[in-house]
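In the working numbering, the protein residues as written are 87 to 294. No residue lacks a Cβ here, since even glycine has one placed at the ideal position from N, Cα and C. To keep things clear, I will list the structure first and then write my remarks on it.
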Amino acid sequence: MISATDLDFPGYRKAPHEAKPTAIGLWTRSTDVWGRRECDPELIAGELYPGRDATGMVEEHLLMLAESGFLCLYRVDGADWLQLFRPLKADTRGASDDCPPPPQDRPRMSMAVGGARERAESRVRAEGAERAGVWSEWAGEQERARTPVRPLLLDAPPIGCPEHPEGRFANCGPCGTARRRHDKWVAQERYTQGLADSGVLEDDEEPW
């Protein structure tokens, strides 16, 4: 059981907030009575975050917890292991010790071994390159010269009637009819273009 003293352990207090659920899981579910276990991020992710694709996240959390002093990561005989610097209190009498302890000559704060750190760094580089490519493509599209859209009014019927092609100030029935025909044409063209741009119509469906 986790006590208030455990939560006050500097290695836990200094750990980034997002890594603390993994720290709690290692304390309560995932290590032996000495706080050791094989360091397999995929297995740890399956135990602590079932049903989620959390392997990459667990790798990052292990690095954070190693840096904060919550655990150490080490290699023995080609296998990767971890040990909590402060395992929970437990009765070790009769418990099997299947996990090797850290080598005595290793630095206390060794970084991730067995490729975990390399995989995390590689992932960060790959994500950065992907985002840089997306922004580069976007910038190229913005700088590319674009053909201006021809204004509808250049193709619309004339506003004035045959007697007054440019319109007039005084009321004229034919001029009013021509203006309404002009406005209707512009409105219909805008509606038709809007439907085409929206993609709501099937290829064989008419816009009316």
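Residue interval of the alpha helix (DSSP H) (run including residue i)
i, result
"residue 131", "127-134"
"residue 279", "259-284"
"residue 144", "141-154"
"residue 138", "From DSSP, residue 138 is part of no alpha helix (DSSP H); its letter is neither H nor E."
"residue 91", "90-93"
"residue 99", "96-99"
"residue 242", "Taken as a continuous stretch (DSSP letters only), residue 242 belongs to no alpha helix (DSSP H), as it is neither H nor E."
"residue 108", "106-111"
Range of the contiguous beta strand (DSSP E) that encloses residue i
i, result
"residue 124", "122-124"
"residue 166", "165-170"
Span separating the alpha-carbon of residue i from that of residue j
i, j, result
"residue 153", "residue 101", "8 Å"
"residue 239", "residue 259", "22 Å"
"residue 144", "residue 123", "14 Å"
"residue 186", "residue 104", "29 Å"
"residue 149", "residue 222", "31 Å"
"residue 269", "residue 224", "38 Å"
"residue 242", "residue 220", "41 Å"
"residue 282", "residue 276", "10 Å"
"residue 264", "residue 272", "12 Å"
"residue 146", "residue 90", "26 Å"
"residue 211", "residue 142", "14 Å"
"residue 164", "residue 125", "12 Å"
"residue 266", "residue 213", "57 Å"
"residue 209", "residue 94", "32 Å"
"residue 299", "residue 215", "Residue coverage of the chain in this structure runs from 87 to 294, which leaves residue 299 outside it and unanswerable."
"residue 236", "residue 262", "26 Å"
"residue 284", "residue 137", "38 Å"
Exposure of residue i, with buried meaning 16 or more beta-carbon neighbours within 10 Å
i, result
"residue 217", "exposed"
"residue 226", "exposed"
"residue 121", "buried"
"residue 112", "buried"
"residue 127", "buried"
Contact set for residue i: own chain, Cβ-Cβ below 7 Å, skip 5 residues either direction
i, result
"residue 109", "98, 101, 151, 156"
"residue 96", "155"
"residue 249", "260"
"residue 171", "97, 155, 156, 157, 158"
Close-in-space but distant-in-sequence residues of the same chain around residue i (CB under 8 Å, 5 per side omitted)
i, result
"residue 140", "131, 134"
"residue 87", "174"
"residue 116", "123, 130, 133, 134"
"residue 114", "88, 174"
"residue 184", "118"
"residue 92", "98, 113, 172, 174"
Sheet register partners of residue i (DSSP bridge)
i, result
"residue 158", "169"
Cβ-heavy atom distance, residue i to the ligand SAH, below 7 Å
i, result
"residue 160", "Absence of the ligand SAH from the depicted structure is noted, as is the absence of any ligand whatsoever, leaving it without description."
Cβ of residue i within 8 Å of any chain D Cβ
i, result
"residue 148", "Absent from the structure: chain D. Only one protein chain is present."
Residues near residue i in its chain [Cβ-Cβ closer than 6 Å; skip 5 each side]
i, result
"residue 106", "none"
"residue 194", "A caution first: residue 194 carries a pLDDT of 44, below 50, which makes its placement in the model unreliable, though a value can still be read off. Closer than 6 Å at the Cβ level, and outside the excluded window around residue 194, lies no residue."
"residue 162", "186"
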